[in-house]
Amino acid sequence: MFAQTQTLTPVAANITSESASLGALSVSRQTLESQSGSATFAPLPRVFAPTLPRTTYTRYPWKTDIVATVFWVGELPTENNPTPNTASSWDTQWTANFGGYDDPDPARRAPDYRPAGFVPKQNPFYVALPYNDCIDYKTTKATAAKLIPWFKEKFRESGKSVCRDRWIAVRAGDRVCYAQWSDCGPFLTDDVDYVFGDGRPTNPKNNGAGIDVSPAVRDYLGFKTNTKIDWRFVEVDEVPNGPWRAYGTNNHFVQQAGRDKDLVASRLEELRRQRDDWFRGNGSGRQLR
């Protein structure tokens, strides 16, 4: 006795084909996510393809020869840095929301540039620049609209920063790293001509430092504190692949991966419904899972 072979119509075949493709994509994403969220996550290689931003005209020019100092989430005050970094200018619970103490000790850093002791909840590639567009959590500076190039595009409500999580490129020698603006400093929060204009940093402390960078940025670029670097703002679509895309609920690329996962799941459910409707309408009466 021969098994009965059922020939699908083009509509059903298309549903089956698309469902299989989306299923494979879903499995691929789940595998990647389970790897990145586990303690056994395979380390990213320390050698990446060249990551220079576009060399044609850009809206945001490089600011060159800027003294950079290193800071980190959870840093306690010292004589040279009296401001603690347990909170940021935009987050009173920065350490908790980051997921813990971003230990700068190279021996306590993971191969993919994050702290070795935990998977950070926010991007470990972060910087501080000496400007804050907010007076407090309810009030935006009246001058911000005229000073910040992307203000009109990003403003949603007073007291909510349009600078927070903005991407920048940081260059040291022939290496370029990408990070998000997560705090204000060093020392100043109103150095407008430097941050958005052609001026030099006006901060007189720590050799006139004009940017604070995280341990991840330091390690990727391979420099020590008080080194001179270049930096500039970049758009999200200028940020290439690299370890700066891997972690953080504030990370645009992690957010997009989550949206893609939800879209795949929704489409798979719709395809299953269409398939079951087709079988019921063609006399099969069975449902496949």
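Residue numbers (our numbering): 60 to 348.
C-beta: ideal position from N, C-alpha, C; glycine also.
DSSP bridge partner residues for residue i (one or two, in chain order)
i: P174; result: R168
i: W290; result: K122 and V229
i: R234; result: A231
i: T350; result: Since the first residue of the chain shown is 60 and the last is 348, residue 350 is not available in this structure.
i: D242; result: A187
i: T198; result: D195
Exposure of residue i, with buried meaning 16 or more beta-carbon neighbours within 10 Å
i: V86; result: For V86, the pLDDT reaches just 44, beneath the cut-off of 50, and the residue's location in the model is therefore unreliable, although a value from the coordinates is still provided. Classification of V86: exposed, given that the 10 Å Cβ count is below 16.
i: F157; result: buried
i: N341; result: exposed
i: I227; result: buried
i: K122; result: buried
i: R339; result: exposed
i: G244; result: buried
i: R332; result: exposed
i: T198; result: exposed
i: R215; result: exposed
i: E134; result: buried
i: A238; result: buried
i: T154; result: buried
i: A231; result: buried
i: I405; result: Here the chain covers residues 60 to 348 and nothing more, so residue 405 does not appear.
i: P136; result: exposed
i: D233; result: exposed
Span of the alpha helix (DSSP H) around residue i
i: D195; result: Careful: D195 lies outside any alpha helix (DSSP H), inside the beta strand (DSSP E) at C193 to D195.
i: D252; result: V251 to V254
i: L188; result: No alpha helix (DSSP H) contains L188, which is instead part of the beta strand (DSSP E) from Y185 to L188.
i: K180; result: Taken as a continuous stretch (DSSP letters only), K180 belongs to no alpha helix (DSSP H), as it is neither H nor E.
i: N341; result: Per DSSP, N341 belongs to no alpha helix (DSSP H) and is neither H nor E.
i: E349; result: One cannot answer for residue 349 here, as it falls past the ends of the chain, which runs 60 to 348.
i: W303; result: Careful: W303 lies outside any alpha helix (DSSP H) and carries neither H nor E.
i: W153; result: W153 to F157
i: A203; result: A203 to L206
Top-ranked residue by Cα proximity to residue i, from the options
i: R223; options: K264, R332 and Y190; result: Y190
i: S273; options: P136, N144 and E138; result: N144
i: V254; options: T142, C236 and R225; result: R225
i: R168; options: A275, T154 and C236; result: A275
i: A204; options: R277, Y196 and D192; result: D192
i: D150; options: P208, H311, W240 and E294; result: W240
i: E212; options: E294, D335 and Q314; result: E294
i: V313; options: R277, Y160, E138 and K180; result: K180
i: V235; options: I207, P299, D250 and V178; result: P299
i: E138; options: I288, A127, N265 and D195; result: N265
i: V129; options: D164, N309 and R291; result: D164
i: T286; options: R118, Y119, A127 and P120; result: A127
i: Y196; options: A166, N182, S148 and D161; result: S148
i: R291; options: D257, N182 and H311; result: D257
i: P120; options: V229, Y160 and N309; result: V229
i: Y160; options: N309, A146 and E297; result: A146
i: F246; options: I125, R118 and N140; result: N140
i: R118; options: E297, P174 and Q315; result: E297
i: P208; options: Q315, V178 and D252; result: D252
i: I125; options: R277, D242, I288 and T202; result: I288
Would you call the stretch 210–224 and the stretch 279–295 in contact, with 3 or more CB pairs under 8 Å? No, the stretch 210–224 does not touch the stretch 279–295.
The stretch 250–270 touching the stretch 185–203, judged by at least three CB pairs closer than 8 Å: Yes, the stretch 250–270 is in contact with the stretch 185–203.
If contact is defined by three or more beta carbon pairs under 8 Å, each pair taking one atom from either stretch, is the stretch 258–265 in contact with the stretch 295–305? No: fewer than three Cβ pairs fall under 8 Å.
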